[in-house]
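S.K.: Its first residue numbered 35, the sequence shown is counted upward by one per residue in this note's numbering.
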Amino acid sequence: MTTLKTTNLKITILLAVLILAPRGQAQERLNQPRLATRVRTEFLHAWNGYKKYAWGHDDLKPLSKSYHDWYAEPLLMTPVDALDTMILMGLKDEAKRTREYIVRNLSFDKDISVQNFEVTIRLLGGLLSSYQLTKDKRLLSLAEDLGNRLLPVFESPTRMPYRYVNLKTGKVRGNVSNPAETGTLLIEFGTLSKLTHKPIFYDKAKRALVETYRRRSAIGLVGTWINVETGQWTDTDSHISGAIDSYYEYLLKSALLFDDQDCRRMWANSIAAINRYLAQPVLHDLLYAGGNSGTQVKEPELWYGHADMNTGLRTATTYGALDAFFPAVLALSGDLERARRLQKSSFKMWSLYGIEPEELNYDSMQVTSSGYPLRPEIVESAYYLHHYSMLGARMSGPQSSKQLDPDHYQQMGRIMFEDFVKYCRTDEGYAALKSVVTKEKADSMQSFLFAETFKYFYLLFASPKRLDFDKVIFNTEAHPMQRQWPAAR
Ligand code: DMJ
Numbered sequence: 035m036t037t038l039k040t041t042n043l044k045i046t047i048l049l050a051v052l053i054l055a056p057r058g059q060a061q062e063r064l065n066q067p068r069l070a071t072r073v074r075t076e077f078l079h080a081w082n083g084y085k086k087y088a089w090g091h092d093d094l095k096p097l098s099k100s101y102h103d104w105y106a107e108p109l110l111m112t113p114v115d116a117l118d119t120m121i122l123m124g125l126k127d128e129a130k131r132t133r134e135y136i137v138r139n140l141s142f143d144k145d146i147s148v149q150n151f152e153v154t155i156r157l158l159g160g161l162l163s164s165y166q167l168t169k170d171k172r173l174l175s176l177a178e179d180l181g182n183r184l185l186p187v188f189e190s191p192t193r194m195p196y197r198y199v200n201l202k203t204g205k206v207r208g209n210v211s212n213p214a215e216t217g218t219l220l221i222e223f224g225t226l227s228k229l230t231h232k233p234i235f236y237d238k239a240k241r242a243l244v245e246t247y248r249r250r251s252a253i254g255l256v257g258t259w260i261n262v263e264t265g266q267w268t269d270t271d272s273h274i275s276g277a278i279d280s281y282y283e284y285l286l287k288s289a290l291l292f293d294d295q296d297c298r299r300m301w302a303n304s305i306a307a308i309n310r311y312l313a314q315p316v317l318h319d320l321l322y323a324g325g326n327s328g329t330q331v332k333e334p335e336l337w338y339g340h341a342d343m344n345t346g347l348r349t350a351t352t353y354g355a356l357d358a359f360f361p362a363v364l365a366l367s368g369d370l371e372r373a374r375r376l377q378k379s380s381f382k383m384w385s386l387y388g389i390e391p392e393e394l395n396y397d398s399m400q401v402t403s404s405g406y407p408l409r410p411e412i413v414e415s416a417y418y419l420h421h422y423s424m425l426g427a428r429m430s431g432p433q434s435s436k437q438l439d440p441d442h443y444q445q446m447g448r449i450m451f452e453d454f455v456k457y458c459r460t461d462e463g464y465a466a467l468k469s470v471v472t473k474e475k476a477d478s479m480q481s482f483l484f485a486e487t488f489k490y491f492y493l494l495f496a497s498p499k500r501l502d503f504d505k506v507i508f509n510t511e512a513h514p515m516q517r518q519w520p521a522a523r
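(1) According to DSSP, is A521 part of a helix, a strand, or is it coil?
(2) Check whether the Cβ atoms of S481 and K95 lie closer than 8 Å to each other.
(3) For S434, which residues in the same chain have their Cβ closer than 6 Å to its Cβ, ignoring the five residues on either side in sequence?
(4) Determine the direct distance from the alpha carbon of F292 to that of E474, and round the result to whole angstroms.
(5) Leaving out the 5 sequence neighbours to the left and right, which residues in its chain are closer than 7 Å to A365 when beta-carbon positions are compared?
(6) Whole angstroms are fine: how far does the CA of L117 sit from the CA of A129?
(7) Only counting the same chain, and skipping five residues up and downstream in sequence, which positions put a Cβ closer than 6 Å to that of R172?
(8) Which same chain residues, not among the five before or five after Q59, have their C-beta less than 7 Å away from its C-beta?
(9) Ignore the nearest five residues each way along the sequence and tell me which others in F223's own chain have a CB closer than 7 Å to its CB.
(10) Taking the beta strand (DSSP E) that H102 belongs to, which residues open and close that run?
(11) Tell me which same chain residues have a C-beta within less than 8 Å of the C-beta of D397, skipping the five on either side of it?
(12) Is Q166 near M515, with beta carbons less than 8 Å apart?
(13) Let's see if you can read the secondary structure: which residues bound the beta strand (DSSP E) around W337?
(14) Look at the alpha carbon of W337 and the alpha carbon of L69, and state the distance between them as a whole number of angstroms.
(15) Name the DSSP beta bridge partners of E393, please?
(16) Would you say the beta carbon of R409 comes nearer than 7 Å to a heavy atom of the ligand DMJ?
(17) Please state whether DSSP places D504 in a helix, a strand or coil.
(18) Mapping DSSP to helix, strand and coil, what is K475?
(19) Please list the segments of the alpha helix (DSSP H) lying wholly inside the segment 62–104, counting only runs of 4 or more residues, in order along the chain.
(20) Which residues in the same chain have their Cβ closer than 6 Å to the Cβ of H91, if we skip the five residues on either side of it in sequence?
(21) Throw me the rounded Cβ distance for the Y464 and E414 pair, which I believe falls under 8 Å.
(22) Starting from the N-terminal side, write out each stretch of the beta strand (DSSP E) that is 3 residues or longer and does not extend beyond the segment 150–232.
(23) State the DSSP-derived secondary structure class of G316, mapped to helix, strand or coil.
(24) Helix, strand or coil for I308, going by three-state DSSP, please let me know.
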């Protein structure tokens, strides 16, 4: 009887180890240069599909082999988002051709009403990072023209930006916004200021960030929707997911990129509230290890859920593909312990169906939103954690098991890349999934596939010489901004 019990226990532990360790870790040795080359080949596969069926437009529709434009006229979302990835991958000729196409064909003198946030992170960010990488002044001119056309968004009574602006007339609309859209602007507008020596861009974007922060609750949290004319919250749900996510990211990254002490303080206060009210340790697989004499309870999983911004009371136990950016931010802030634990949870979410769902209830482990639009966040976090593991950073805890293993995140990345190719590749591109459960594809290939997903996979496997992590800050669309400004004239 006792022997049977012991055997069952051993099997349970073994199964648990197999489930929780990156799949195939023991079997396959990593060949990083080969993996980096494979990522580059797949990038080109998707890029060639875009060129063949959607050239000159915003995005490829990979199933119907046609194109999608966000507005009545295209803004070259895919080429601008893809350019710095090509440069980093060493695709010199392709990058040169793409850059020439952009500078000859991209114009912002269009009578269209665009979403300030999306255009800022993809186009302004993409133009600025490619300018820093190439020194092609035409890219900076385009960025400055775009920045000027976006400025009217900040003319609200609270100075938090409206959501939309007409690029030709400056007419604004969309008075109910969210922290991600009001607070994810300073990296791009601030960099534009530093490169053009025009403080207006920095000042407007920083004011918008500060005004958002000022409206946090007494316990230090922000909600999901806010009226930029009245400053009143219209939805008090608080979380790190879409509509809030990159607001927190920019508090930390702006502090680091610009050495901005206000941002540093705002980040410090915010992360304390996030960790107090949104973080949730969860004991799922109560596993027992250890000898005959005692039992040892496994480390609880770490998740971040939803809570009301005023009371701090839990409103939902959901976490998703967008939330998976947070281990990267935690790692960048120096909190490697939480970063490691949260990445483990994200990978558990990925492993449920071999690719991550948009949203999951981490309490029941049921999928609550099943799509996968080719998101990068979990790969981004693997890249950051790999970087810090290579630096030999140690977790804060005393146990050696808590140290970051240099191979671990590349192994995780290899598995995710194989799953990604297996389920999302089409004959002439990559397709989003309608459902990670059925693996049915959707006719969409957003530009962040090129800006972020392929870039982070590539950087995870490529030689660190490709990009000096410590000299850049990535904007939320993975466009690296170099911490290097020309002296004022
Ligand atoms: C990107 O446009 C950005 O990373 C943004 O912050 C969130 N959504 C997508 C990628 O998932």
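All C-beta atoms in this analysis are idealised placements derived from N, C-alpha and C, irrespective of residue type, glycine included.
M.R.: Taking the coordinates as given:
(1) The residue you call residue 521 lines up with position 487 of the sequence shown. Looking at A521 - three-state DSSP - the assignment turns out to be coil, as it is neither helix nor strand.
(2) For the purposes of this step, residue 481 is taken as residue 447 along the sequence shown, with counting starting at 1. For the purposes of this step, residue 95 is taken as residue 61 along the sequence shown, with counting starting at 1. Taking 8 Å as the Cβ cut-off, S481 and K95 do not qualify as a contacting pair.
(3) As a working mapping, residue 434 is identified with position 400 in the sequence shown. Any reading at S434 must be qualified, since the residue scores a pLDDT of 41, below 50, and its modelled position is unreliable; no value is offered.
(4) Position 440 of the sequence shown, counted from the start, is the residue given in the question as residue 474. Position 258 of the sequence shown, counted from the start, is the residue given in the question as residue 292. One C-alpha to the other measures close to 44 Å.
(5) Here residue 365 is taken as the residue at index 331 of the sequence shown, counted from 1. Taken in chain order, the residues that qualify are A373, Y418, L419, Y422.
(6) Within the sequence shown, residue 129 is the residue found at index 95, counting from 1. Within the sequence shown, residue 117 is the residue found at index 83, counting from 1. When rounded, the distance between both Cα atoms is 6 Å.
(7) Here residue 172 refers to the residue found at position 138 when the sequence shown is read from its first residue. Answer for R172: V137, listed in chain order.
(8) Residue mapping note: residue 59 aligns to position 25 of the sequence shown, counting from 1. Because the pLDDT of Q59 is 47, which lies under 50, any placement of that residue in the model is unreliable, and the number read from its coordinates should be weighed accordingly. Q445, listed in sequence order.
(9) Along the sequence shown, read from residue 1 onward, the residue named residue 223 stands at position 189. Only G181, F235, Y236, K238, A239 meet the Cβ criterion.
(10) Taking the sequence shown and counting its residues from 1, the one referred to as residue 102 is at position 68. Element bounds for H102: 100–102.
(11) As a working mapping, residue 397 is identified with position 363 in the sequence shown. Hits under 8 Å: V316, T351.
(12) For the purposes of this step, residue 166 is identified with residue 132 of the sequence shown, where counting begins at 1. For the purposes of this step, residue 515 is identified with residue 481 of the sequence shown, where counting begins at 1. Yes, Cβ-Cβ distance for Q166 and M515 is below 8 Å.
(13) Position 303 of the sequence shown, counting from 1, holds the residue named residue 337. Run containing W337: 335–338, per the beta strand (DSSP E) assignment.
(14) Stepping through the sequence shown from its first residue, residue 337 is reached at position 303. Stepping through the sequence shown from its first residue, residue 69 is reached at position 35. Going from the Cα of W337 to the Cα of L69 covers about 30 Å.
(15) In the sequence shown, the residue the question calls residue 393 occupies position 359. Bridge partners of E393: G354, S403.
(16) The residue labelled residue 409 in the question sits at position 375 within the sequence shown. Flag set: Cβ of R409 near the ligand DMJ.
(17) Here residue 504 corresponds to residue number 470 of the sequence shown, with the count starting at 1. Helix.
(18) Position 441 of the sequence shown, counted from the first residue, corresponds to residue 475. Here K475 sits in strand by DSSP.
(19) 66–88
(20) On the sequence shown, position 57 is the one that residue 91 refers to. Closer than 6 Å at Cβ, skipping near neighbours: Y101, D103, P108.
(21) Mapped onto the sequence shown, residue 464 falls at position 430. Mapped onto the sequence shown, residue 414 falls at position 380. Actually they are not in contact, since the Cβ atoms of Y464 and E414 sit about 17 Å apart, beyond 8 Å.
(22) 198–200
(23) Residue numbering aside, residue 316 sits at position 282 when the sequence shown is read from its first letter. A small fix is needed here, since residue 316 is Val in this sequence, not Gly. DSSP places V316 in strand when its eight states are reduced to three.
(24) Residue numbering aside, residue 308 sits at position 274 when the sequence shown is read from its first letter. Looking at I308 - three-state DSSP - the assignment turns out to be helix.
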